[in-house]
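Read top to bottom, the protein sequences are chains D, G, S and P.
Take 202 as the starting number for the first sequence in my numbering and just add one per residue.
Take 181 as the starting number for the second sequence in my numbering and just add one per residue.
Take 24 as the starting number for the third sequence in my numbering and just add one per residue.
Take 496 as the starting number for the fourth sequence in my numbering and just add one per residue.
Beta carbons: idealized from backbone N, C-alpha and C, even for Gly.
Note that the coordinates shown come from a computational prediction; the quantities given were computed from them, not determined experimentally.
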Amino acid sequence: MFEVVAIYAYQILFSISIFILISLGLAVIFGMMKVINLAHGEFIMLGALFCAQLAGAGVPLFLSIPLAGLIVGLVGIVGERLVIRYLYGRVLDTLLATWGMSLLIVGAVTTFFGPQTASTPQDLGNISLGTFSISVYSLLMILLAFALLAALYLVWRMTRAGLIVRTTMQNAAMAQALGIDTDRVFMLTFGFGAALAGLTGAILVPLFGASPTMGAFYIAKAFVTVIAGGPLPLTGTLAASSLFGMIDGAVAYLTTSVLGEISVLFVAILLLRFLPKGVTRGLKGRV
Amino acid sequence: MSAPILETRQLSKTFGGVKAIDRIDFSLAPGELRCLIGPNGAGKSTFFKMLTGQHRPDGGQVLLNGQDITAAAAHEIGRLGIGIKNQIPDVFDGLSVAENLTLAARFILPKAAAARKVAEVLARVQLEPMAGRLVGELAHGQRQWVEIAMVVAREPILVLLDEPSAGMSVEETARTAELIREINREATVVAVEHNMQFIRSIASRVTVFHRGRILVEENVDKALSDRRVRDVYLGRSAA
Amino acid sequence: MAILTTVGLMAVPSFYDFAVQYDISKIFVLALLALSMSFLWGYVGILSLGQTAMFGLGGYVYAIVAMNSVDTATAALIGIVCPTLFSAVLGYFLIWGRIGDIYFSVITLAVTLILEKAIRATSGDRFVIGKVRLNGQNGIPGVPSLEIPWEAKATLFIDGVYYLTAAVLILVYVGLRLTLTTGFGQVLVGLRENRRRVELLGYDSRHYCLGAFVLAGAVAGLAGVLFAVWGNFVGPSLFDLDRAAQIVIWVIVGGRMTLAGPILGTALVVTLTTWLGTQGVGQVTLALGAMLTLFVLLFKKGLLPTLSELLSAVARWAASRRAAR
Amino acid sequence: MSFTHGQEGRGGMLRCVLTALAAMGLAAASLTDAGQDAAAQEGHPIVIANILDRSGGLNIYSLKQIQGVAMAVDEINKSGGLLGRPVEIRFYDSQSDNTLNAQYATNALLRDKADAIHGGITSSSREVMRPIVQRFGSLLFYNALYEGGVCDRRHVSTGMVPAQQLEALIPYVINEKGARKSYILAADYNYGHITAKWMKNIVEANGGEVVNIEFFPLDVTNFAPVLARIQEAAPDVVYSALVGGAHMGFYRQFESTVGKDNMLLASSTYGVGREQTELSPEEGRGIIIATSFVDGLDTPAAKSFVENFKAFSGEDDYVGEYGEYGYRGVMLWADAVRKAGDASPDAVIMALKSGEISFDGPGGLYSIDGKTNHTTMDIHIAVGNDKGSFDLLQSFSQQPPLDTQLVCDLHANPDDTTQYEPEVQ
């Protein structure tokens, strides 16, 4: 009995943590900066790819993961400087431009790294729960997802940098008048969001692998999660991820993974129809 | 005294903890031309927006000819005959003047009658030469007139005008005052204004708003000489 | 002039081979899909990312009905009616709730993705409608072309499909233009310019939004039917994210505030994609991505409006030169 | 009503667009029309089209095959061409989009006047092209592993079909490894469904038992739920007919959760997309496959092919089955052209009907069965090693495409174009 409950809990938590991880970067870039970033999936893919490359070159896995996130953050900053910074406020143009960036990244990665799925092994083994065994890495992934979310919340709420970012996103002109270099803040925030996406890819790569076209698997889910989350990007992402993860984990375990995904999208539609401003509407809070 | 055309009872609205409108009782007789005055942030525009379904009240009631319209949607209120000119010109910039007016007139009239109505209203606001121009290309004052004309073309029973003379030259202001008096022959009018001279030229009675409440409701001269009114305007010229 | 152009277009098949006609027909069909979106987006201001849902439904319904040996004209009709009804129901559900703009976009996108996933999950032999296997991921091949009514047992060949799609595109374009001049259409234009003012004038914007959504759904369904006729194939990719995003690209490239722009945008992007695929230049996506990004940075309003602005600027400059002399 | 604004101005736009469209058509036509009509003359090249996905999600299967096709044509031309004429490839990148397969097949046949099309990776891309090839009376060489059953004289399959592969793999697993209790996972489309049916059929025919069959859409990456169900069922062996980049996650998650030391893993698709080159040694080691070609085959033909391929492509990595399929497809077609003495599709089809078309290639002898246009070949049982390649366990000589032969006879019904789904209960 205990086994069954535990395996259920594991399935659901694992599913929730995937939703959290794939939405985090988007919660910053779309949720806060209002840039419809269709290259989000490709940022995840780049993180996965770089992590696999680094680990393949002999860097220890747990160093490769943050390094990969950092590199993707730099890629994000380059993209922001070259393209995105001309488009703030032109929401639909960001959609088109980031779609272009997404195609460009997929094409470039296929050209330089080939179409193959890249990956890197992890050797944490598994622990057994009666008839079941669970991969230790996936448990670590669940922890990481929640830890990242909590850390992000603290940075946003408690630090000066977080305050500066929130001020700038709410009213750039006012922030500028207060002496904040908003141009720099936009650049760094975008880079930060990209780095989070890259980190996600790096965390996922030992289990899911990295292929140039993998971004498409995540992008729709991530957008649905962040939008369903509503006006508080972090609290909302947590709430929506929990809901969707629970549904996906339970339905996929009991029936099939297709039904799991379909039921998530269906619940998202109902949710947006009846709570059209997202689940955190009316909640007091800042992020 | 006849039954009021418009009445609000304990109307209230709060924005993020600030009471924008605080239990306002307001009543307007048919055919009246009333001005609302008060410093910026007194709640005048919010009040208008609640009368026209653009903001939903937190409490209280709005009655039009005795009918409760508190929860009605903007288009339903429009159909009942309240027309509003918003503070910032609220027109179809990408359409021509004639098209703007046609859109308004076609709602109540068949095609041919609408065309006559448009011509008539155009003449009234003296915009005939501009009929084919895009509204977005017109000067600020002219855009205000287009908006007033749209309101009129709908043949409303109650016209709300939020700062009709703002940004207008002296001649334009005078012309606007005349226009408003003309409108008042067919409809009840409420105007929010800052220009005291303008107010004197059109209204006999004013309601003074302050911090979401009604401070004074009097005839123009009495209200403007009231100490409390002077106090709230202190530091601000009555221009 | 317009008649001349039509005649010119209709004369293409007498001068150029089937391969050219086949390529151009595809552009015509996809341009219809782009029109369905730009009509909604450009005139009513609602961005439906789910026009592919109606497109795919149209294609699938036509395929299923036609392959159950109903005559193809009836199948085409049902293929248009079904997505129209579907968009009416979906539109009622969304528009009557006065749902926010971006949520509207996301929900319509989710609807098309659900349909895609559902169709992909119909691979087994349990999923049969009449005589037709739904075939999941693989799609339904061998969809019949339209029968020629006055010739027994004959179906439209490539040139026939070319004429048909050209005619339909012209008719739909003209039809939408005429719609915009009716009272209904005027309100739609008003909605694009200033939704609040339309409401204050007493129009219930929901009626007009729903009307436009249903009309656009019908056009997308029609495009789906023609796509099945053109390619003799329907598959779940009709619904997928790539295609949904591509429509946005076509419309933005051409300029969404016009009806002609999206047609040009579709022609440009589709031609470019097809052409790149034959050049052996490596990754088509790389070139396409670079082009799109540059496009946004250089042409803010889309190609057609930018070009016409440029032309009128040149004209003004020429006029001022003449005046100066 | 006076909604005239804009319409005068924009009225010309439709004209502009239509004119531009027409102009584009004219330009495209004039670019490609020149000098094509004389293609069939002596000395002019024989044109074949190669339609594969260089870009998009399916290119994992295509990139090596594109080079395999090019290499075969290169070898043919270096040895004097076919019937004294050089062979020319027109390559089309179908970008993993079926509608482009349709468009390019039409272009290849009408514009390039190609004598044969080599291409198509997925069954759906093949099914989109088959009616077009039919309509214009041409010939399609489909060089891929697929579910079997296509009965069409204008279509030639040069890859493996399920019966061929599984009649070797499953008895090996049951008899040599003693693994009877089986759990089947397959990709959720026709190939997966039909393969899963054959798997079940053959497992049961050999005295095994199937505890469950599950299907996965191609974009599923999270296999945690099914791994829990597998552990609950505790089978001896898991058979995988999973396909594509996303499904590779299964092999990693299987190793980190269950482990091949505790449960056998056999596959009909593993290795085809060169999966083993991207897995770690632990993850790839021990997976049992059945294949018609792996780089590690210990024959002179295989060794020289791998060597030549690396030299030709300038890439030093694993070649694999799909690269070899491209090479084999062109060589089989060339043999048919030689025996027909004519490159035109109908002549080649007549030659194919004889059943004498064959090619002694890298993976053994391939010969085309004249009744089905499917290929008889050697099947090798191999197991993943920790060097990113495979070790040969056992070879089965000349396995016929039995499943398709059961339902298809092109000698008796030359006009058949059906894809049969074999009746498996």
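| Asked | Found |
| --- | --- |
| The segment 275-288 of chain G / the segment 206-222 of chain S touching (three or more Cβ pairs under 8 Å) | yes |
| Beta-carbon contacts of residue 276/D that lie in its chain and below 7 Å, excluding the five residues immediately before and after | 247 and 395 |
| Chain D contacts from the segment 718-732 of chain P (Cβ-Cβ distance under 8 Å) | 719, 720, 721, 723, 724, 726, 727 and 729 |
| Beta carbon of residue 166/D nearer than 9 Å to that of residue 416/D | Absent from the structure is residue 166/D, since the part of chain D shown begins at 202 and ends at 488. |
| Distance, residue 419/D Cα to residue 448/D Cα | 17 Å |
| Which of helix, strand or coil DSSP assigns to residue 404/D | helix |
| Completely contained beta strand (DSSP E) runs for the segment 706-736 of chain P, where each covers 3 or more residues | 732-736 |
| Where residue 840/P falls, given that 16 or more other Cβ within 10 Å makes a residue buried | buried |
| 7 Å Cβ shell around residue 213/D - same chain, five flanking residues per side excluded | 446, 447, 450 and 451 |
| Same chain only: Cβ atoms within 6 Å of residue 848/P, ignoring 5 sequence neighbours per side | 865 |
| When 310/S, 327/S, 341/S and 339/S are compared against residue 302/D, the one with the closest alpha-carbon | 310/S |
| Opening and closing residue of the beta strand (DSSP E) in which residue 341/G lies | 338-342 |
| Residues bridged to residue 656/P [DSSP beta-bridge criterion] | DSSP, once it has assigned bridges, lists no residue as partnering residue 656/P. |
| Given 8 Å, three or more beta-carbon pairs between the segment 36-50 of chain S and the segment 195-214 of chain S | no |
| Residue from 558/P, 858/P and 636/P whose Cα sits closest to the Cα of residue 769/P | 558/P |
| Within 9 Å, strictly: CB atoms of residue 83/S and residue 261/S | yes |
| Cβ contact check for the segment 248-256 of chain S and the segment 58-70 of chain S: 3 or more pairs under 8 Å | no |
| 9 Å Cβ cutoff, residue 221/D in contact with chain P | no |
| Residue 885/P - partner residues in DSSP beta bridges | 879/P |
| Chain S contact residues for residue 354/D, given Cβ-Cβ distances below 9 Å | Near residue 354/D there are no residues of chain S at all, since even the closest Cβ is about 24 Å away, more than 9 Å. |
| Three CB pairs or more closer than 8 Å across the segment 811-822 of chain P and the segment 552-572 of chain P | yes |
| Continuous alpha helix (DSSP H) assignments of at least 4 residues falling wholly in the segment 634-707 of chain P | 657-672 and 685-700 |
| Residue 243/D, DSSP secondary structure in three states | helix |
| Sufficient close CB pairs (3 or more, under 8 Å) joining the segment 315-333 of chain D to the segment 773-784 of chain P | yes |
| Cβ-Cβ distance between residue 888/P and residue 667/P below 9 Å | yes |
| Proximal residues of chain S, C-beta to C-beta of residue 641/P below 7 Å | Chain S residues near residue 641/P: none, gap ~11 Å exceeds 7 Å. |
| contact_flag[the segment 676-689 of chain P, the segment 725-739 of chain P] where n(CB pairs < 8 Å) is 3 or more | yes |
| Residues of the segment 100-126 of chain S whose Cβ lies closer than 9 Å to any Cβ of chain D, in chain order | 116, 117, 120, 121, 122, 123, 125 and 126 |
| Residues sharing a beta bridge with residue 235/G, DSSP | Beta-bridge pairing links residue 235/G to no other residue. |
| Given residue 310/D as reference, the closest of 359/D, 281/D, 365/D and 249/D once Cα atoms are compared | 249/D |
| Sufficient close CB pairs (3 or more, under 8 Å) joining the segment 114-121 of chain S to the segment 226-243 of chain S | yes |
| Contact list for residue 165/S against chain P, beta-carbon separation under 9 Å | 622, 625, 626 and 912 |
| Residue 873/P Cβ short of 8 Å to the ligand FAD heavy atom set | The ligand FAD is not part of the structure shown, which contains no ligands of any sort. |
| Residue environment, residue 659/P, which counts as buried when at least 16 other CB atoms sit within 10 Å | buried |
| C-beta neighbour in chain D for residue 318/S, strict 9 Å | yes |
| Which residues DSSP lists as bridging residue 216/G, in chain order | 372/G and 387/G |
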